[in-house]
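Participant:
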Amino acid sequence: MLLLISPDGVEEALDCAKAAEHLDIVDVKKPDEGSLGANFPWVIREIRAAVPEDKPVSATVGDVPYKPGTVAQAALGAAVSGATYIKVGLYGCVTPEQAIEVMQGVVRAVKDYRPDAFVVASGYADAHRIGCVNPLSLPDIARRSGADAAMLDTAVKDGTRLFDHVPPDLCAEFVRLAHDAELLAALAGSIKVADIGTLTRIGTDIVGVRGAVCEGGDRNAGRIQPHLVAAFRAEMDRHARECAAAVAAAG
């Protein structure tokens, strides 16, 4: 399981760089503009320069409206600025067809520029609260648009969490659908250390966190702490070992 950490600016990215051995992807977002809020192009460039070259940088394009051309240009801007993982929050898409149209534009814009870029179709576990596409439709949307991964996060950051809206059994179904479509499955949404065991057992490929590695567990007021990143990774590694041992014993 890959660990994706989301700093809110260059200073936090430098903190991530101090913990680079413990994380896999540095994710650029702007939390005060939404759960998948887009940051400025120059911030993406500065963060790309601040973290080790072997650590890929991802960037959120935003909680986007149903405006395929606008979103495609934004996604290309993120790629040009140095991101190799491009995440699109399908906030304003109310049907799978709208979401596919948006994502097809993103995939073409990004991969025409950089074929090895990784495009992520992101939806929301609490979709019922904002009226966007059903969470379990994301793997098929990603597959039909040519994206590389399907992701779930939470749209409303009010203390509720991923599993409050999509319980573990349905998250397992999300992961299975993604894998059946030959996609990676990413999960986020106020993930805590206590969730790592469940995420490992259901086969999650990428786990995205911010609050869990910020001081006080506060994604907005807290700042990322390298020692918390290291502790989170240690728990991930422990659960991976236990899961592998259980599989070996069962086989």
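Mapping the sequence shown onto our numbering, position 98 (from 1) lands on 82, and the numbers just tick up by one.
Where a beta carbon is used, it is the ideal one built from N, C-alpha and C, also for glycine.
On a predicted model such as this, the values are computed, not experimentally measured, just so you know.
1) Give me the residue from Val94, Ala109, Tyr108 with the minimum Cα distance to Phe102.
2) Quick check: what's the CA-CA separation for Ala43 versus Tyr97?
3) Can you tell me whether DSSP reads Met220 as helix, strand or coil?
4) Closer than 8 Å is the cut-off here; do at least three beta carbon pairs connect the segment 2 to 16 with the segment 131 to 138?
5) When the Cα atoms are used, what is the spatial distance from His223 to Ile180?
6) Grouping DSSP H, G and I as helix and E and B as strand, with all else coil, what is Val45?
7) From Ala131 to Leu74, what does the alpha carbon distance come to, in whole angstroms?
8) Grab me the residues of Ile125's own chain with a C-beta within less than 6 Å of its C-beta, minus the 5 sequence neighbours each way, in chain order.
9) Relative to the alpha-carbon of Ala111, which residue among Val91, Met87, Arg145, Arg127 has its alpha-carbon at the smallest distance?
10) How about Cys198 and Gly192: are their beta carbons less than 8 Å apart?
11) Under a three-way DSSP split, which group does Ala3 fall into?
12) Go ahead and pull the three-state DSSP assignment for Ala133.
13) Going by the CB atoms, is the gap between Val90 and Pro70 shorter than 8 Å?
14) Whole angstroms are fine: how far does the CA of Ala63 sit from the CA of Ala100?
15) Report the residue from Val150, Gly235, Val41 whose alpha carbon sits nearest the alpha carbon of Arg29.
16) Ordered along the chain, which non-local residues of its own chain (more than five positions away) have a Cβ less than 6 Å from that of Arg194?
17) Given 8 Å as the limit, is there contact between the segment 114 to 125 and the segment 150 to 167, that is, 3 or more CB pairs closer than that?
18) Beta-carbon separation of Val48 and Val27 under 8 Å?
Facilitator: So, from the listed chains and residues:
1) Val94
2) 16 Å
3) helix
4) no
5) 7 Å
6) strand
7) 13 Å
8) Pro80, Ala83, Ile84, Ala105
9) Arg145
10) no
11) coil
12) strand
13) According to the sequence provided, residue 70 is Ile. The question's Pro does not apply to it. Going by C-beta atoms, Ile70 is nearer than 8 Å to Val90.
14) Position check: residue 100 holds Asp in this sequence, whereas Ala was assumed. Spanning the two alpha carbons is a distance of roughly 11 Å.
15) Val41
16) Ser(-10), Arg203
17) yes
18) no
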